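Below: the structure, in structure tokens.
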Amino acid sequence: MFRCPLPPDAELRLFQVRHAEDMFALITRNRERLDQWMRWTAKIQSVQDTEALIQRMLNKYANNDGFHAGICLNGQLVGGMACRGINWDARESEIGYWLTEEAVGHGLASRASRATLEYLFDELQLNRVEIRAAVDNTRSRAVAERIGFQLEGVLRQSDWITTKYVDHALYSILASDWRELKAEGRS
């Protein structure tokens with residue numbers, strides 16, 4: 034199974050169907066918080082829905098087209114990290130992350146994102162990675178900025194979340210940016 038350490042106390046673990054109950058319970062406990070930022074959580078209404086989501090993501094992983102990994106803190110699932118598909122022609126992808134309220138503030142989203150960028154740029158040799166964060170999601174936007182993503186602009190009404198259209202800030206980082214940040218010790 035795919036695992037990636039996030040020192041000193043966390044790791045990424047590729048979601049497996051056997052994690053569906055834990056993932057569903059986590060989403061259910063944090064539904065109000067998660068539903069305001071992400072469309073997919075509203076569609077997760079049962080363990081079976083969660084199993085189907087995990088199976089779709091495992092299929093993407095098997096086809097070298099992305100992944101969804103759990104973020105675990107001290108062995109406990111506290112969130113997720115996703116690579117939402119890969120455009121191999123352009124060598125680009127989009128990443129996203131989510132955490133429970135109690136897991137926020139430990140640097141987990143930043144650590145998980147850095148580990149994912151390391152994999153996407155150094156292992157898969159991608160050229161560009163994007164993050165799209167709701168304009169009002171200041172915590173998610175701060176993660177993107179903290180790890181070196183550049184704001185490209187705002188995508189107006191680019192998604193329908195729960196009951197309204199949401200504007201997204203579009204961030205990107207290039208492989209050359211990543212190498213420069215690493216050379217400067219800032220990645």
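Residues in the sequence shown are numbered from 34 upward in steps of one, following the numbering used here.
Positions of the beta carbon are idealized from the N, C-alpha and C atoms, including for glycine.
As the structure is a computational prediction, the values presented were derived from the model and not from experiment.
C-alpha distance - residue i paired with residue j, whole-angstrom precision
i       : j       : result
Glu-178 : Gln-49  : 31 Å
Leu-39  : Met-71  : 24 Å
Gly-140 : Leu-106 : 11 Å
Ala-194 : Ala-142 : Rather than Ala, the amino acid found at residue 194 in this sequence is Ile. Near 21 Å, if we compare the C-alpha coordinates of Ala-142 and Ile-194.
Cys-116 : Glu-151 : 12 Å
Met-90  : Gly-99  : 7 Å
Ala-166 : Gln-69  : 12 Å
Gln-81  : Ala-75  : 14 Å
Glu-217 : Trp-73  : 37 Å
Asn-96  : Leu-67  : 28 Å
Supposed contact pair residue j and residue i - C-beta distance, whole angstroms, cut 8 Å
i       : j       : result
Ile-164 : Gly-129 : 7 Å
Leu-207 : Asn-160 : 6 Å
Ile-180 : Ser-146 : 5 Å
Glu-136 : Val-111 : As written in the sequence, residue 136 is Ala, which differs from the Glu given in the question. That belief holds up - the Cβ atoms of Ala-136 and Val-111 are roughly 4 Å apart, short of 8 Å.
Val-168 : Ala-123 : Not quite, the Cβ-Cβ distance comes to about 25 Å (not below 8 Å), so this is no contact.
Met-114 : Thr-149 : 6 Å
Environment of residue i [buried if 16+ CB atoms lie within 10 Å]
i       : result
Phe-35  : exposed
Leu-157 : exposed
Tyr-198 : exposed
Arg-172 : exposed
Trp-131 : buried
Glu-44  : buried
Ser-79  : exposed
Glu-134 : exposed
Ser-209 : exposed
Trp-211 : buried
Arg-219 : exposed
DSSP beta-bridge partners of residue i
i       : result
Arg-212 : Per DSSP, none; premise fails for Arg-212.
Ala-166 : Ala-202
Leu-184 : Tyr-204
Leu-47  : Ala-102
Pro-40  : According to DSSP, Pro-40 bridges with nothing at all.
Met-114 : Ala-102, Tyr-130
Is the region 168-187 touching the region 51-68, taking contact as three or more C-beta pairs under 8 Å?
Touching, no, given that fewer than three Cβ pairs across the two stretches are closer than 8 Å.
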